[in-house]
Amino acid sequence: MKIGCDIVKNERLQNKNRRFIDLILTKKEQEEYKKKGLFYLCGRFACKEAIMKALDNTKKLTYLDLEILNKEDGSPYCVNYDNIKITISHEKEYTMAVALVEE
Ligand SMILES: CC(C)(COP(=O)(O)OP(=O)(O)OC[C@H]1O[C@@H](n2cnc3c(N)ncnc32)[C@H](O)[C@@H]1OP(=O)(O)O)[C@@H](O)C(=O)NCCC(=O)NCCS
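To get the numbering used here, take the position in the sequence shown, counting from 1, and add 906.
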């Protein structure tokens, strides 16, 4: 089992351009981002960084290889990777995420 975490200062991701968004968020995530805004983007970013850290990015994943959606109860999950568990928390200034990868 491997673990990774990441913390993002929310203002760092404010007013990012289209190119950045296209690099980080999948099409489905972009649909949610339109509804939910900055916190959502920060959550996806922190989560994907945490997963890459947990994997030591040996798989050479890009942000778009990972899709983080929310179940009906709000809990986040990584589409297509049952062995990756994630959790996200937002505060006004910071967002953090932890990822657990079962090998
Ligand atoms: C889940 C809960 C602990 C979130 O706590 P919070 O302090 O308000 O918010 P945080 O910033 O710490 O966490 C938000 C993140 O928690 C995650 N989350 C939301 N609901 C969750 C749940 N049921 N289980 C695990 N994680 C959850 C999401 O990833 C969310 O971030 P995202 O929307 O960007 O993906 C809180 O809403 C709660 O206790 N909910 C009870 C369960 C509930 O009401 N479910 C809704 C039924 S429809």
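We put the CB at the ideal spot given by N, CA and C, even for glycine. No experiment lies behind these values; they were computed from the predicted model shown.
When the Cα of residue i is compared with those of the options, which residue comes out closest?
i     : options                   : result
T968  : Y946, G910, N923 and L931 : L931
A956  : L972, K933 and Q936       : L972
K915  : E997, V1007 and E1008     : E997
T1001 : S981, L947 and Y987       : L947
E917  : E1008, L944 and L970      : L944
By the 10 Å Cβ neighbour count, where 16 or more other Cβ atoms means buried, how is residue i classified, buried or exposed?
i    : result
K954 : buried
K991 : buried
M907 : exposed
Does residue i come within less than 8 angstroms of chain D when only Cβ atoms are used?
i    : result
T968 : Checking the listed chains, one finds no chain D in this structure; it contains a single protein chain.
Taking residue i and residue j to be in contact with their CB atoms under 8 angstroms, please state how far apart those CB atoms are, rounded to whole angstroms.
i    : j    : result
A952 : I927 : Not a contact, Cβ separation roughly 15 angstroms.
Return yes when the C-beta of residue i is under 7 angstroms from any heavy atom of ligand 1, and no when it is not.
i    : result
F951 : no
I990 : no
I927 : no
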